[in-house]
Amino acid sequence: RIREVPYRQRIDGLEFYLVRARARVLQDPSTAGRAETLAAFESQQQLQNRQQQAGAQYGMAFMAMKKGELAKAQSWLDKARATMKRTSGAFSTGQATSDGAAMFASLGIEIKLHPDQPAAIKLQGLRDAEQAHQQYPLARGIARQYADALIINGKPEDATRFLREQAQLYREEAKLHELLAKAYSAQGKQALQHIATAEYYAIIGGKQAALDQLGIARKAADASFYDMALIDARERELKELRREELKEAKK
Numbered sequence: 054r055i056r057e058v059p060y061r062q063r064i065d066g067l068e069f070y071l072v073r074a075r076a077r078v079l080q081d082p083s084t085a086g087r088a089e090t091l092a093a094f095e096s097q098q099q100l101q102n103r104q105q106q107a108g109a110q111y112g113m114a115f116m117a118m119k120k121g122e123l124a125k126a127q128s129w130l131d132k133a134r135a136t137m138k139r140t141s142g143a144f145s146t147g148q149a150t151s152d153g154a155a156m157f158a159s160l161g162i163e164i165k166l167h168p169d170q171p172a173a174i175k176l177q178g179l180r181d182a183e184q185a186h187q188q189y190p191l192a193r194g195i196a197r198q199y200a201d202a203l204i205i206n207g208k209p210e211d212a213t214r215f216l217r218e219q220a221q222l223y224r225e226e227a228k229l230h231e232l233l234a235k236a237y238s239a240q241g242k243q244a245l246q247h248i249a250t251a252e253y254y255a256i257i258g259g260k261q262a263a264l265d266q267l268g269i270a271r272k273a274a275d276a277s278f279y280d281m282a283l284i285d286a287r288e289r290e291l292k293e294l295r296r297e298e299l300k301e302a303k304k
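Heads up, the sequence shown is in the working numbering, so the first residue is 54 and it goes up one at a time.
What follows is the structure, encoded as structure tokens:
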């Protein structure tokens with residue numbers, strides 16, 4: 054019966070083209086690589102498929118941002134959004150796919166939070182990140198961008214509260230602890246910074262690096278009694294896990 058089912062070609066959604074464009078930019082950052090990627094994006098924009106056109110324009114936006122050409126990056130992102138808003142016509146395939154709004158929003162935030170942007174633009178990036186998080190509450194990248202936007206805009210205490218809540222929900226998401234360490238660092242809280250960094254290393258499998266960070270946290274001048282108790286408990290757990298790893302490695 055399976056043989057009798059006619060073959061239907063899989064239709065790639067817009068997100069596929071956006072992710073592929075982003076990966077292509079990151080794949081080869083050399084001058085020659087960028088030139089090759091640029092040519093590929095220019096060729097892709099000539100295709101009669103709006104998803105592929107928008108993917109190429111999104112790639113151009115991401116590449117421009119990586120080069121620090123922020124106005125150009127925003128312009129290409131606007132073009133990508135406009136391409137997907139066009140009504141069906143000569144250049145539409147009629148494919149019913151997602152409009153990629155979350156990924157467009159994420160890149161827009163990334164552009165506004167770029168280190169070279171003025172403070173007013175970074176503040177707008179925070180507003181955009183907050184709105185995007187409310188609109189796409191399950192988008193993990195946007196949640197982390199919101200936290201980073203708070204830190205960048207001088208609100209590390211708010212970022213800490215948000216990240217601690219997120220870490221309770223997503224305990225194994227290492228990047229949350231990496232951002233939490235950044236938020237604590239911005240507040241000058243050295244012990245908590247290293248405790249958070251230790252958790253980041255523990256989650257990604259670096260047990261010894263995590264233990265090293267806990268050792269640094271223990272020596273921090275601002276380590277409280279509660280911090281020391283937390284360090285002791287986590288240190289015992291990690292040492293036991295580390296012993297088990299070494300035992301397994303010897304087998």
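Here a beta-carbon is modelled for each residue, glycine too, at the ideal position from N, C-alpha and C.
Residues of its chain near residue i, where Cβ-Cβ distance is below 6 Å and the 5 sequence neighbours each way are ignored
| i | result |
| --- | --- |
| Ala276 | Ala244 |
| Gln106 | Gln98, Thr136 |
| Gln246 | Ala234, Tyr237, Ser238 |
| Ala74 | Gly108, Tyr111, Gly112 |
| Ala143 | Caution applies to Ala143, whose pLDDT of 42 falls short of 50 and renders its modelled position unreliable; the model cannot decide the point. |
| Ala270 | Ala244, His247, Ile248, Ile284 |
Where residue i falls, given that 16 or more other Cβ within 10 Å makes a residue buried
| i | result |
| --- | --- |
| Tyr237 | buried |
| Lys120 | exposed |
| Thr84 | exposed |
| Pro209 | buried |
| Glu218 | exposed |
| Glu252 | buried |
| Leu79 | exposed |
Sub-8 Å separation of residue i and residue j beta-carbons
| i | j | result |
| --- | --- | --- |
| Lys260 | Glu298 | yes |
| Arg77 | Gly112 | yes |
| Ile174 | Ala182 | no |
| Leu267 | Arg287 | yes |
Option in the options with minimal Cα separation from residue i
| i | options | result |
| --- | --- | --- |
| Tyr254 | Ile164, Ala227, Leu100 | Ala227 |
| Lys138 | Arg287, Leu67, Ala234, Ala270 | Leu67 |
| Asp265 | Ile256, Ile248, Met281, Asp280 | Ile248 |
| Ala220 | Ala202, Gly207, Arg197, Pro209 | Arg197 |
| Met118 | Arg180, Gly258, Asp152, His167 | His167 |
| Ala200 | Arg73, Ala172, His230, Pro171 | His230 |
| Arg103 | Arg75, Gly153, Glu122, Met116 | Gly153 |
| Tyr189 | Ile204, Phe215, Ser159 | Ser159 |
Rounded straight-line distance, which links the Cα of residue j to that of residue i
| i | j | result |
| --- | --- | --- |
| Phe157 | Lys292 | 43 Å |
| Ala155 | Leu71 | 11 Å |
| Ile256 | Tyr223 | 12 Å |
| Leu191 | Ala185 | 10 Å |
| Leu305 | Ala92 | Because the chain is modelled from 54 through 304, residue 305 falls outside the range shown and cannot be assessed. |
| Ala124 | Lys132 | 13 Å |
| Gln110 | Gln170 | 21 Å |
| Arg296 | Ala262 | 14 Å |
| Leu294 | Lys242 | 27 Å |
Beta-carbon proximity list for residue i, same chain, < 8 Å, skipping 5 on both sides
| i | result |
| --- | --- |
| Gln127 | Ala114, Gly161, Ile164 |
| Gln177 | Lys165 |
| Asp81 | Arg87, Glu89, Thr90 |
Any C-beta of chain D under 8 Å from that of residue i
| i | result |
| --- | --- |
| Asn206 | Of the protein chains in this structure there is only one, and it is not chain D. |
Same chain only: Cβ atoms within 7 Å of residue i, ignoring 5 sequence neighbours per side
| i | result |
| --- | --- |
| Leu100 | Gln106 |
| Phe278 | none |
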